[in-house]
Amino acid sequence: MTAITAPGSMSRSLGGMLMPVGILAIVAMMVLPLPVFLLDAFFVLNILVSLLVLMVAMHSYRPLDFSSFPSVLLIATVLRLALNVASTRIVLSEGHTGSGAAGHVIEAFGEFVIAGNFAVGIFVFAILVIINLVVITKGAGRVSEVSARFTLDAMPGKQMAIDADLNAGILTPEAAKARREAVAEEADFYGAMDGASKFVKGDAVAGILILIANIVGGMVIGTSQHGLALGEAAELYVLLSIGDGLVAQIPSLLLSIATAIIVTRVSSDHDMAGHIGTQMHVTRAWIPVAAVMAILGLVPGMPNGLFLIAAAAAAALAWMSARSGGATELADGVPTDPGEAASTTTAPEAITAEDVTDYSPISIQIGYGLISMIDDGAGGSLITRITSIRRDVSRDMGFVVPGVRLRDDLTMPSNQYRIRIGRAIVAEDVVYPDRKLALPGGLSTRKLKGIAVKDPSFGLDAVWIQPHQQAEAEADDNVVVEPDSVIATHLSQVLYKHAADLIGPDDVQVLLTNLERLSPTLVQAVVPKLIPLHTLTAVLRVLLSERIPVSDLRRVLEGLADLAGRNLSTQDMAEALRPALAPLLIQQIAPLNQPLPLVTLAPEFEQLLMRSRQQNGAGPLMIDMGLAQSMLQRLSALSEDLAGQGRQPIVVVSAQLRRPFAAFLRGQGDDSIVLAVNELPDNRRIEIVATLGETGALPGPAAT
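Read in UniProt numbering, the sequence shown has 696 at position 696, and its numbers run on one by one without any break.
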């Protein structure tokens, strides 16, 4: 079977081989003599590379978009110094033969740029050095130093901000990891730039010293070895030295400008060659490079063939980059999502895996009539409210609630929405974006005109009214709610109810990692030595299924460590942990200064259920059908009355009866909180608001 290699892999492999060879070639240039035509070619290449780096720097939206810049700067500087060494060897050894001894490029810069006047050349070179060394390089170095210092000083604060956003549920673990990597890359980049700016400064100083060495050495060699007159030697060697200095100083100036651009406005998945190749494969950078090289190739006196060949090569690379997609480019400067790009090129009749699978933990589907509620431009605030809901639920339940995916569905009725947990539809209702929902209070006496409905969150009677009716409704003790708040509140109730379905081993591991920073010994001693991760996850799911927060993970692990040797089921372990964790739930239901609204069972009824429980063992709770129906209706009416007062009832039973009684209520669709007597805190006042089962009956078939 023939293996097929991807073009991208081949280019990275080729680049990985060429880069080390290129570095060795640069080093060899400092030792081995170069033919004059190769020296010309390398000088042209040096100018091309400098222009390319400048263009890429100008087209970078963030400094990290060109994070390989310090490495590129080092290579370009070494290349230029190697050319200085090679040209100095030729100037000193062959300079007596004439102005063309060191190649056409140096001759052109010596005669055309400075008009053959070495005195003019000295002053032009001095001005370029002053601009480069005193202005650009010094400023860029100072900015790099300050940026590196500030970036490193700000790292702890940025890390703390990421941790705070993660704990608040604003960021997912994946997004937090990406943010941390970005902070680390930023610190690496500015630290590298602080050092790389010294390359530019050192290169400028080296250019001055090399110029002096060429002039002095040339005059000595010309007069002593080749019998030239002092004036003739001075004119000849100064002209060659100035040409050589200008050929090197102009690319140095371009790189200094690029450095200043980068630092005033670095870790990768590839090696340095692949990293640099990917980031410099930008069409908009190669096109101006090709244009500049073509113009230089048309200037009389220049080595036109070499410049035109370089321009053609740059244009070809620009064309190849445009054909292959190169680095992602958009008119608005926003990187394209590869997945989105793929989806736009897929044939309309093609069916992809994304069409039949959706791995979003939480999603909301909306009809086309509700799209304005998620459009910021149209004043929609649903996304902001959902973010706030996620933060609140994450804080209350003790783990990061996954992100909510919003998507429109044209097959749904225009004003309908659906809430999914995974692929299952767990809630749906209808809202009217051009109306408001009025919830009657205890003192309401007037029947409002509108669409009568049940509030989707609490099942209360409500009316969708016109906006101009709001003042009338509020005057009659109605609470008026915006339509996006209706969806957000409904989502909140769904998240609390299905919190157990939203936490998995990965989420638990994040919680453990966070706790390990404070209590490393506890975490390492319990998980996985005493309690495996999947068992801990199952216990947390049982607790969350009954609204018990798991935010105090330290207490959970301490409790599980005590229970580890008893061979208990996850249900039994969760039940044993409840007395220590129930206060976290109670403080969410009722403020500390308010009494707890308790619903109790009549003693005779509770004893009857206890005997039934003992007879049936671990099976479902058996309650007479008529009594069960009456009890559920009364509990529902009581919940509605208290909800109007902003309170929530708590059903209190004996410890032995708590789990089966809570399971019975959940089986009947009732989400009332059920606590055992031993789970009530000693420091809270209580208020008995109702007693269930006062009319007692014999146990009968289980109510279903």
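Note that beta-carbon positions come from the ideal geometry of N, C-alpha and C, so glycine has one too.
Everything numeric in this text was worked out from a predicted model, so none of it was measured.
Chain-order list of residues whose beta-carbon lies under 7 Å from that of residue i (same chain, five-residue window excluded)
i           : result
residue 368 : 408, 410 and 414
residue 632 : 668 and 670
residue 662 : 546 and 674
residue 339 : Reliability fails at residue 339, whose pLDDT of 36 lies under 50, so the model's placement of it is uncertain and the value that follows must be treated cautiously. Here the set comprises nothing.
residue 342 : Caution applies to residue 342, whose pLDDT of 36 falls short of 50 and renders its modelled position unreliable; the value that the coordinates give is listed next. Counting only Cβ-Cβ distances below 7 Å, and skipping sequence neighbours, we find nothing.
residue 693 : 601, 602, 605, 627 and 631
With 16 other Cβ atoms within 10 Å as the buried cut-off, status of residue i
i           : result
residue 569 : exposed
residue 88  : buried
residue 494 : buried
residue 267 : Confidence at residue 267 is low in this model, with a pLDDT of 44, below 50, so the placement of that residue is unreliable and no value is reported for it.
residue 562 : exposed
residue 226 : exposed
residue 438 : buried
residue 254 : buried
residue 18  : exposed
Spatial distance of residue i from residue j (CA atoms)
i           : j           : result
residue 91  : residue 237 : 8 Å
residue 366 : residue 359 : 18 Å
residue 578 : residue 486 : 32 Å
residue 183 : residue 469 : 51 Å
residue 213 : residue 84  : 11 Å
residue 207 : residue 198 : 14 Å
residue 123 : residue 242 : 10 Å
residue 69  : residue 32  : 29 Å
residue 458 : residue 643 : 8 Å
residue 476 : residue 605 : 41 Å
residue 401 : residue 394 : 5 Å
residue 313 : residue 322 : 14 Å
residue 77  : residue 246 : 15 Å
residue 422 : residue 574 : 25 Å
residue 362 : residue 543 : 20 Å
residue 525 : residue 553 : 14 Å
residue 94  : residue 37  : 14 Å
residue 448 : residue 596 : 33 Å
Which of helix, strand or coil DSSP assigns to residue i
i           : result
residue 600 : strand
residue 478 : strand
residue 417 : strand
residue 292 : helix
residue 487 : helix
residue 138 : helix
residue 546 : coil
residue 365 : strand
residue 552 : coil
residue 177 : helix
residue 453 : strand
residue 18  : helix
residue 440 : strand
residue 686 : strand
residue 406 : strand
residue 670 : coil
residue 326 : Legend: pLDDT at residue 326 = 44, less than 50; position of this residue unreliable, value from coordinates given subsequently. DSSP places residue 326 in coil when its eight states are reduced to three.
residue 675 : strand
residue 387 : helix
residue 653 : strand
residue 424 : strand
residue 462 : strand
Residue i and residue j closer than 8 Å at C-beta
i           : j           : result
residue 418 : residue 465 : no
residue 589 : residue 686 : no
residue 79  : residue 26  : yes
residue 263 : residue 193 : yes
residue 609 : residue 621 : yes
residue 139 : residue 260 : yes
residue 548 : residue 399 : no
residue 72  : residue 53  : yes
residue 240 : residue 106 : yes
residue 390 : residue 59  : no
Contacting residues, own chain, Cβ-Cβ under 6 Å from residue i (five flanking each side not counted)
i           : result
residue 440 : 478
residue 179 : 162
residue 453 : 462
residue 555 : 580
residue 34  : 86
residue 329 : Low per-residue confidence applies at residue 329: pLDDT is 37, beneath 50, and the placement is therefore not dependable, though the value from the model is reported in the following sentence. Result list for residue 329: empty, nothing under 6 Å.
residue 691 : 600 and 602
Cβ shell of residue i (< 8 Å), same chain only, five flanking positions each side left out
i           : result
residue 654 : 606, 610, 676 and 677
The ligand GTP heavy atom lying under 7 Å from the CB of residue i
i           : result
residue 388 : The ligand GTP is not part of this structure, which contains no ligands at all.
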